[in-house]
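Chemist: What follows is a structure written as structure tokens; I'll ask about it next.
Numbering (my numbering), first residue to last: 613 to 889.
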């Protein structure tokens with residue numbers, strides 16, 4: 613029996629560690645705090661960069677602190693679905709270095725909100741894409757991941773929590789209604805989320821994004837749908853991908869790469885809302 617004692621002791625140690633009052637994410641929380649301390653030290657640096665011209669001659673430089681400055685703030689919100697099986701799986705994905713992905717917030721099916729990155733810091737959630745003239749969306753946006761595998765309805769608690777969170781973000785950072793978009797909108801060539809099951813109409817009714825009116829007008833004969841998509845913000849370098857992304861967001865009953873007359877009517881209506889911004 614003595615040979616079993618070391619194994620029993622090891623099991624006890626593991627069990628105690630798992631039940632630590634600091635929680636299962638104590639280690640990753642410590643890494644987060646250490647990294648933010650490093651960023652703080654970077655911000656405190658006052659020495660100017662060493663400047664030299666093409667001949668190697670040093671250009672005089674000096675740091676003079678201005679009294680007129682502030683911290684940079686986010687101007688967009690990008691909504692995602694996790695495409696994973698549980699919120700625990702997503703939290704693990706965002707707390708290991710191998711994935712190199714993250715988000716500011718994760719919303720579980722029961723409505724619980726996990727805040728993972730300070731709003732003023734850059735999370736790795738958007739990746740390659742383009743919305744209007746913005747290509748580095750990670751540097752100017754907040755990423756919100758919703759626990760959803762991409763093939764199921766979003767839960768009422770999730771949407772209620774999301775609406776509350778969006779209201780707070782909109783007020784805190786004065787984010788315009790047009791700047792609440794989906795990952796599919798920013799990266800139509802790569803991403804389908806949050807997909808056609810996401811309740812964009814409900815969000816628009818609360819001031820987060822836009823939705824088409826119930827009464828639609830026919831667009832004029834010279835209406836150019838590609839230009840309209842581009843002026844809304846879509847990357848039209850792949851027009852089929854842009855059409856699908858638009859339809860995932862604003863049509864939702866059909867996500868084929870062709871525009872029907874109804875789709876054109878909706879596009880014309882929505883384009884008018886965005887052009888007023």
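Virtual Cβ for every residue (Gly too), placed ideally from N, Cα, C.
1. For the pair the stretch 812 to 832 and the stretch 781 to 800, tell me if three or more CB-CB distances fall below 8 Å.
2. If I follow the unbroken alpha helix (DSSP H) through residue 858, where does it start and stop?
3. What's the call for residue 716, buried or exposed, on a 16-neighbour Cβ count within 10 Å?
4. Please report how far the alpha carbon of residue 872 lies from the alpha carbon of residue 864, in whole angstroms.
5. DSSP state of residue 651, grouped into three classes?
6. Determine, using beta carbons only, whether residue 798 and residue 749 come nearer to each other than 7 Å.
7. Does the structure place the stretch 750 to 764 close enough to the stretch 801 to 810 that three or more beta carbon pairs sit under 8 Å?
8. Let me know if residue 659 comes out buried or exposed under the rule of 16 or more other beta-carbons within 10 Å of its beta-carbon.
9. Please work out which residues of its chain come closer than 8 Å, Cβ to Cβ, to residue 727, disregarding the five sequence neighbours upstream and downstream, and give them in chain order.
10. Could you tell me whether the stretch 834 to 844 touches the stretch 874 to 886, using the rule of 3 or more Cβ pairs below 8 Å?
11. May I ask you to report which of helix, strand or coil DSSP gives residue 867?
12. Given this structure, state the Cα-to-Cα distance separating residue 707 from residue 752, to the nearest angstrom.
13. Might you give, ordered along the chain, the residues of its own chain that have their beta carbon closer than 7 Å to the beta carbon of residue 866, omitting 5 neighbours on each side?
14. Looking only at its own chain, which residues have a Cβ that is under 6 Å from the Cβ of residue 778, when we skip the five neighbours before and after it?
15. Could you check which residue in 645, 780 and 744 has the C-alpha nearest to that of residue 887?
16. With 16 other CB atoms within 10 Å as the buried threshold, where does residue 862 fall?
17. What would DSSP say about residue 745, mapped onto helix, strand or coil?
18. Going by Cα to Cα distance, which pick from 817, 857 and 833 is closest to residue 826?
19. From the DSSP output, in three-state form, read off residue 790 for me.
20. Which of helix, strand or coil does DSSP assign to residue 798?
21. Cα-Cα, which of 655, 673, 661 and 675 is closest to residue 683?
22. Within 10 angstroms of the Cβ of residue 698, are there 16 or more other Cβ atoms? Answer buried if so, exposed if not.
23. Specify the secondary structure class of residue 683 as computed by DSSP and reduced to three states.
24. Go ahead and pull the three-state DSSP assignment for residue 695.
25. To the nearest angstrom, how far is the alpha carbon of residue 758 from that of residue 674?
26. Among 722, 780, 634 and 813, whose alpha-carbon lies nearest the alpha-carbon of residue 689?
27. Identify whether residue 884 lies in helix, strand or coil by the three-state DSSP scheme.
28. Can you give me the Cβ contacts of residue 702 inside the same chain, cut-off strictly under 7 Å, excluding the 5 residues immediately before and after it?
Modeler: Reading off the structure:
1. yes
2. Here residue 858 refers to the residue found at position 246 when the chain shown is read from its first residue. Note, residue 858: alpha helix (DSSP H), 851 to 862.
3. Sequence index remark: in the chain shown, residue 716 carries index 104 (1-based). The residue is buried, with at least 16 neighbouring Cβ atoms inside 10 Å.
4. Reading the chain shown from its first residue, position 260 is the one you call residue 872. Reading the chain shown from its first residue, position 252 is the one you call residue 864. One C-alpha to the other measures close to 13 Å.
5. Mapped onto the chain shown, residue 651 falls at position 39. Residue 651 falls in the helix class under three-state DSSP.
6. Mapped onto the chain shown, residue 798 falls at position 186. Mapped onto the chain shown, residue 749 falls at position 137. Yes, these two residues count as a Cβ contact at 7 Å.
7. yes
8. Translated into the one-based positions of the chain shown, residue 659 becomes position 47. Label assigned to residue 659: exposed.
9. Taking the first residue of the chain shown as position 1, residue 727 is located at position 115. Here the set comprises 716 and 717.
10. yes
11. For the purposes of this step, residue 867 is taken as residue 255 along the chain shown, with counting starting at 1. Here residue 867 sits in coil by DSSP.
12. On the chain shown, residue 707 is found 95 positions in, with the first residue counted as 1. On the chain shown, residue 752 is found 140 positions in, with the first residue counted as 1. Rounded to the nearest angstrom, the two C-alpha atoms are 22 Å apart.
13. Numbered from its first residue, the chain shown carries residue 866 at position 254. If we look at residue 866 and ignore the five residues flanking it on each side, its Cβ neighbours are 859.
14. Counting from 1 along the chain shown, the entry for residue 778 is found at position 166. These residues qualify, in order along the chain: 820.
15. Taking the chain shown and counting its residues from 1, the one referred to as residue 887 is at position 275. Nearest of 645, 780 and 744 to residue 887, Cα basis: 744.
16. By one-based count along the chain shown, residue 862 stands at place 250. Answer is buried; the Cβ neighbour count reaches 16.
17. Numbered from 1 along the chain shown, position 133 holds the residue referred to as residue 745. If DSSP states are grouped into helix, strand and coil, residue 745 belongs with coil.
18. Looking up residue 826 in the chain shown gives position 214. Of 817, 857 and 833, the residue nearest in Cα terms is 817.
19. Working through the chain shown from its first residue, we reach residue 790 at position 178. Note: residue 790 maps to helix in three-state DSSP.
20. As a first step, residue 798 must be located in the chain shown, where it is residue number 186. It is helical.
21. Translated into the one-based positions of the chain shown, residue 683 becomes position 71. Comparing Cα positions, the closest option is 655.
22. The count along the chain shown starts at 1 and reaches residue 698 at position 86. Classification for residue 698: exposed.
23. Residue numbering aside, residue 683 sits at position 71 when the chain shown is read from its first letter. In this structure, residue 683 counts as coil in the three-state DSSP scheme.
24. The residue given as residue 695 occupies position 83 in the chain shown. Correct three-state label for residue 695: coil.
25. Position 146 of the chain shown, counted from the first residue, corresponds to residue 758. Position 62 of the chain shown, counted from the first residue, corresponds to residue 674. Rounded to the nearest angstrom, the two C-alpha atoms are 47 Å apart.
26. Numbered from its first residue, the chain shown carries residue 689 at position 77. It is 780 whose Cα lies nearest to the Cα of residue 689.
27. Mapped onto the chain shown, residue 884 falls at position 272. Looking at residue 884 - three-state DSSP - the assignment turns out to be helix.
28. In the chain shown, counting from the first residue as 1, residue 702 sits at position 90. The answer, listed in chain order, is 694, 696, 718, 757 and 759.
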